[in-house]
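For the sequence shown, our numbering gives the first residue as 1, with consecutive numbering after it.
Ideal Cβ positions, reconstructed from N, Cα and C, are used throughout, including at glycine.
What you are looking at is a predicted structure, and each value in this text was computed from that prediction instead of being measured.
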Amino acid sequence: MLDIKTKKNDLGLWEAEATLNLPEVKVTLMKADKDNLKYELQRAFSDIVNDYVEKHAKDEM
């Protein structure tokens, strides 16, 4: 669930406060080089969160 609250602050700027609650997300990767796993895990989770926010932010704003 994505909850976004927007308001105009005292400076006249738009301010957004967002809370993202996700169910468990599991990613499985296979790489020949173990050093590549950290980067690939970060990228995989980042992609998942980006897609989720992109899809649900449209409904909230």
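Helix, strand or coil: which one does DSSP assign to residue i?
i     : result
Lys70 : No information on residue 70 is available, as it lies outside the stretch 1 to 61 that the chain covers here.
Ala18 : strand
Leu29 : coil
Leu65 : The chain is shown only over 1 to 61; residue 65 falls outside these bounds and no answer can be derived.
Can you grab the Cα-Cα spacing for the pair residue i / residue j, in whole Å?
i     : j     : result
Glu54 : Ala16 : 15 Å
Asn21 : Ala32 : 33 Å
Asn14 : Met30 : Reading off the sequence, residue 14 comes out as Trp, not Asn. If I take the Cα positions, the gap works out to 43 Å.
His56 : Leu2  : 7 Å
Output yes if chain E places a C-beta closer than 8 Å to the C-beta of residue i; else output no.
i     : result
Gly12 : No chain E appears in the structure shown, which is made up of a single protein chain.
Per DSSP, which one or two residues make a beta bridge with residue i?
i    : result
Leu2 : Leu20
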